[in-house]
Amino acid sequence: MSEDPAPAGATAGERPPALQGLMGALLDALRTRLELAGVELEIHLIGLARTLLWAVAAILCTLLALAFGVVALIAALWDSHRVLGLLAGGLTFLLLALICAVIGARFFQRRPGILADSVAQLDRDRRRTQRP
Numbered sequence: 582m583s584e585d586p587a588p589a590g591a592t593a594g595e596r597p598p599a600l601q602g603l604m605g606a607l608l609d610a611l612r613t614r615l616e617l618a619g620v621e622l623e624i625h626l627i628g629l630a631r632t633l634l635w636a637v638a639a640i641l642c643t644l645l646a647l648a649f650g651v652v653a654l655i656a657a658l659w660d661s662h663r664v665l666g667l668l669a670g671g672l673t674f675l676l677l678a679l680i681c682a683v684i685g686a687r688f689f690q691r692r693p694g695i696l697a698d699s700v701a702q703l704d705r706d707r708r709r710t711q712r713p
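In my numbering, the protein residues as written are 582 to 713.
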């Protein structure tokens with residue numbers, strides 16, 4: 582008298598249809614969440630690259646402004662009107678450096694936390710499953 586633990590309609594090597602459906606739904610949900618996390622990670626990497634690009638632009642403009650300042654100091658020892666042109670060039674690049682720095686800082690501050698949307702979606706899923 583041995584009892585068969587498998588439900589009616591399922592052989593010993595098969596899973597019950599309800600369990601297969603549950604496993605399929607779990608795997609689909611997991612795949613969707615992983616795809617969402619991948620897209621979100623890609624968005625953050627693009628934002629990081631954009632921020633780094635603006636930071637490098639700000640650094641380069643600052644270095645150019647410093648170079649113009651040094652040349653202006655050297656030219657100050659020579660004739661009188663060369664200094665005005667060099668200082669104007671240096672101030673222009675310094676202004677560009679400030680603009681690049683402000684744009685880069687804005688991009689950096691506007692970025693949400695990494696995978697924040699994925700975590701929020703998982704929280705919504707967890708709340709949905711806890712409802713009676």
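No residue lacks a Cβ here, since even glycine has one placed at the ideal position from N, Cα and C. Keep in mind it's a predicted model, so treat the numbers as computed, not measured.
By the Cβ neighbour-count rule, Gly-605 is exposed, with fewer than 16 other Cβ atoms within 10 Å of its own. Counting along the chain, the unbroken alpha helix (DSSP H) around Asp-609 starts and ends at 598-657.
The C-beta distance from Cys-681 to Ala-639 rounds to 4 Å, short enough to meet the 8 Å contact threshold.
Of Leu-608, Glu-621, Pro-597, Val-637, the smallest CA-CA separation from Gly-685 is found for Val-637. Rounded to the nearest angstrom, the Cβ distance from Leu-675 to Ala-646 is 4 Å, consistent with a contact under 8 Å. When only Cα atoms are considered, Gln-702 and Leu-665 end up about 59 Å apart.
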